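Colleague:
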Amino acid sequence: MNETTVTTVKAAIAAAVATMTALWGWFGWLVIAWVLLMLADWLIGSAAAAKEGRWSSAKMREGAWHKGGMILVVCIALVADWLIGSVLGHIPAVSLPFDYSVLLAPLVIVWYIIGELGSLAEHAVTFGAPVPSWLRNILEIGKNAVDAAGESIAGESGKDDPKDSEKNGNESV
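For the sequence shown, position 43 (counting from the first letter as 1) is numbered 43 according to the UniProt record's numbering, and the numbering increases by one without interruption.
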């Protein structure tokens, strides 16, 4: 790879980060952190599987589909935030007791970020690194807090569909 190509890639990344920050502020950084953690989890998870002799292209594809599904869920939350904001902004009879800009997408992304951090901690164990139990506990508490916030907004008392937890591979944060 020549120097011009490297510079072009760096400039494109910097422009994308600057644009997200300008458009979304703190939320842009949240998205950037989530995307970087997804990429790290996919790559490090692949390395961990290779270390244990479990690497396969089929599992890599499955991981890519999994990450694609996560992106779809975040897009759904973004559209739901936009829809709720539009309804609140244009239909006077509908109101909330607080100002609404975004709510669902940040919760979903934070939930995914905590799951990715837990997954990375599991990969660290695969590589032989000890992970403090208090770190795992804090991640679990954080994930439970996000779940509780989402459930209180939705008025739910139940948990996620167990099939969803099995599929996302983040059930043991």
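The beta-carbon is built from N, C-alpha and C at its ideal position, and this holds for glycine as well. Everything numeric in this text was worked out from a predicted model, so none of it was measured.
Give every residue of the same chain whose Cβ lies closer than 7 Å to the Cβ of Ser101, excluding the five residues on either side of it in the sequence, and list them in chain order.
Modeller: Gly85.
Colleague: Select from Ile141, Ser133, Gly115, Pro132 the residue whose C-alpha is nearest the C-alpha of Ala40.
Modeller: Checked all of Ile141, Ser133, Gly115, Pro132; the closest Cα to Ala40 is Gly115.
Colleague: Cβ of Ala105 within 7 Å of Cβ of Ala77?
Modeller: A contact, by the Cβ cut-off of 7 Å.
Colleague: Under DSSP, the alpha helix (DSSP H) around Leu120 begins and ends at which residues?
Modeller: Residues 104-126.
Colleague: What first and last residue would you give for the alpha helix (DSSP H) that runs through Leu139?
Modeller: That run of the alpha helix (DSSP H) goes 133-154.
Colleague: Determine, using beta carbons only, whether Leu30 and Ile109 come nearer to each other than 7 Å.
Modeller: Taking 7 Å as the Cβ cut-off, Leu30 and Ile109 qualify as a contacting pair.
Colleague: Helix, strand or coil: which one does DSSP assign to Ser56?
Modeller: DSSP places Ser56 in coil when its eight states are reduced to three.
Colleague: What are the start and end residues of each continuous alpha helix (DSSP H) run of 4 or more residues lying completely inside the stretch 24-100, in chain order?
Modeller: Runs found: 26-51, 57-90.
Colleague: When we look at the beta-carbon of residue 178 and count the other beta-carbons within 10 Å, is it buried (16 or more) or exposed?
Modeller: Residue 178 is absent from the model: the chain starts at 1 and stops at 173.
Colleague: Taking three-plus beta-carbon pairs below 8 Å as touching, is the stretch 5-23 in contact with the stretch 85-98?
Modeller: Contact between the stretch 5-23 and the stretch 85-98 is absent, because fewer than three Cβ pairs lie under 8 Å.
Colleague: Look up Met20 in the DSSP assignment and say whether it is helix, strand or coil.
Modeller: Here Met20 sits in helix by DSSP.
Colleague: Quick one: using the 10 Å Cβ neighbour count with 16 as the cut-off for buried, is Ile71 buried or exposed?
Modeller: Ile71 comes out exposed.
Colleague: Just verifying my parser: in three-state terms, what is the DSSP assignment at Ala15?
Modeller: Helix, per DSSP.
Colleague: Rounded to the nearest angstrom, what separates Pro97 and Arg54 at their Cα positions?
Modeller: So the alpha carbons of these two residues sit roughly 52 Å apart.
Colleague: By a C-beta neighbour count over all protein chains shown, 10 Å radius and 16 as the cutoff for buried, is Ser119 buried or exposed?
Modeller: Classification of Ser119: buried, given that the 10 Å Cβ count is 16 or more.
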